[in-house]
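Protein chains in written order, with my numbering: chain V, 1 to 112; chain D, 113 to 223. Think of the CB as a built atom: it goes at the ideal place given N, C-alpha and C, for glycine as much as any other residue. First comes the structure, then the notes that go with it.
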Amino acid sequence: DAGVTQSPTHLIKTRGQQVTLRCSPKSGHDTVSWYQQALGQGPQFIFQYYEEEERQRGNFPDRFSGHQFPNYSSELNVNALLLGDSALYLCASCRTGMNGYTFGSGTRLTVV
Amino acid sequence: TQLLEQSPQFLSIQEGENLTVYCNSSSVFSSLQWYRQEPGEGPVLLVTVVTGGEVKKLKRLTFQFGDARKDSSLHITAAQPGDTGLYLCAGAGYNNNDMRFGAGTRLTVKP
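This is the structure we're talking about:
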């Protein structure tokens with residue numbers, strides 16, 4: 001049973017560019033959340049998607065947007081990249097109403 | 113400002129010692145979870161506590177949820193090098209739509 005799959009694993013982008021990160025949730029899970037984890041910090045909540053809609057959003061600017069597809073997979077888009085966007089981006093999935101997230105291994109984004 | 117405050121931030125101990133790490137908040141949570149994260153990996157769920165005062169044991173790990181559901185502790189007995197990692201607590205609100213994490217306790221267990 002595959003867990004949460006994220007792609008790519010590593011990415012280097014130039015300041016001002018745009019990036020799309022992808023996530024396939026664990027089988028049976030319908031809710032996807034995205035987190036940003038800076039070095040030495042805990043994960044910061046970006047947003048959560050359920051039934052293809054953004055259900056909740058953390059304190060992130062509009063440059064961060066997302067999408068959920070009918071098969072429950074999700075994308076995170078970041079526009080106008082800043083050096084401070086360099087971080088590990090984590091996708092987590094769960095079945096709605098159930099406690100406990102399953103996390104992917106993350107995408108390490110470096111903005112230069 | 114972190115919604116959840118974890119302490120200590122760093123902890124380095126010898127194999128065989130006992131330790132306790134704490135997770136505190138002024139907010140009430142419907143559930144609280146503990147995760148362990150190793151370098152280059154995503155967090156892995158250890159336990160979920162739901163009821164105030166609840167105690168759960170996972171081998172040498174004991175988790176407690178505060179009576180008011182605002183805080184939690186993780187106690188490890190006879191720590192082993194394999195316990196090394198970043199321990200994160202995360203609290204869910206009543207709608208469970210967002211899980212907020214603390215900054216974590218980085219534990220190093222030396223052989």
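Bridge partner(s) assigned by DSSP for residue i
i         : result
V/Ala-92  : V/Ser-33 and V/Phe-103
D/Ser-119 : D/Tyr-134
V/Tyr-116 : With chain V covering only 1 through 112, there is no way to say anything about residue 116 of chain V.
V/Glu-75  : V/Arg-22 and V/His-67
D/Ala-229 : What the structure shows of chain D is the stretch from 113 to 223, and residue 229 of chain D is not part of that stretch, so it cannot be assessed.
V/Phe-60  : Paired residues: none, contrary to the question.
D/Val-156 : D/Arg-148
V/Ala-87  : V/Leu-109
V/Lys-13  : V/Val-111
D/Leu-198 : D/Gln-149 and D/Arg-218
D/Asp-183 : D/Asn-136
Chain D contact for residue i (CB, 8 Å cutoff)
i        : result
V/Gly-28 : no
V/Gly-58 : yes
Cβ distance (whole Å) where residue i is taken to contact residue j below 8 Å
i         : j         : result
V/Pro-8   : V/Thr-107 : 6 Å
D/Gly-128 : D/Ala-180 : So it is not a contact: roughly 34 Å between Cβ atoms.
D/Val-162 : D/Ser-139 : About 16 Å; that fails the 8 Å criterion.
D/Arg-212 : V/Phe-45  : 6 Å
V/Phe-64  : V/Val-78  : 6 Å
D/Gln-118 : D/Gly-214 : 4 Å
Beta carbon of residue i nearer than 8 Å to that of residue j
i         : j         : result
D/Gly-203 : D/Ser-137 : yes
V/Gly-66  : V/Leu-76  : yes
D/Asp-210 : V/Gln-17  : no
V/Gln-4   : V/Gly-104 : Per the sequence shown, residue 4 of chain V should be read as Val rather than Gln. Yes, they are a contact pair.
V/Ser-73  : V/Val-111 : no
D/Phe-177 : D/Gly-164 : yes
D/Thr-217 : D/Tyr-199 : yes
V/Leu-39  : V/Leu-109 : no
Beta carbon proximity, residue i to chain V, threshold 8 Å
i         : result
D/Ser-143 : yes
D/Ala-190 : no
D/Leu-157 : yes
D/Gly-194 : no
D/Arg-212 : yes
D/Ala-204 : yes
D/Gly-216 : yes
D/Leu-123 : no
D/Leu-200 : yes
Could you list the residues in the region 62 to 91 of chain V with a C-beta less than 9 Å from some C-beta on chain D, going in chain order? Leu-88, Leu-90 and Cys-91
Residues in the region 95 to 108 of chain V with C-beta within 9 Å of chain D's C-beta atoms, listed in sequence order? Thr-96, Gly-97, Met-98, Asn-99, Gly-100, Tyr-101, Thr-102, Phe-103, Gly-104, Ser-105, Gly-106 and Arg-108
Members of the region 23 to 50 of chain V that neighbour chain D once the beta carbon cut-off is set at 9 Å: Thr-31, Ser-33, Tyr-35, Gln-37, Gly-40, Gln-41, Gly-42, Pro-43, Gln-44, Phe-45, Phe-47, Gln-48 and Tyr-50
Report the residues of the region 150 to 177 of chain D with a CB closer than 8 Å to any CB of chain A, ordered along the chain. Among the protein chains of the structure shown, namely V and D, there is no chain A.
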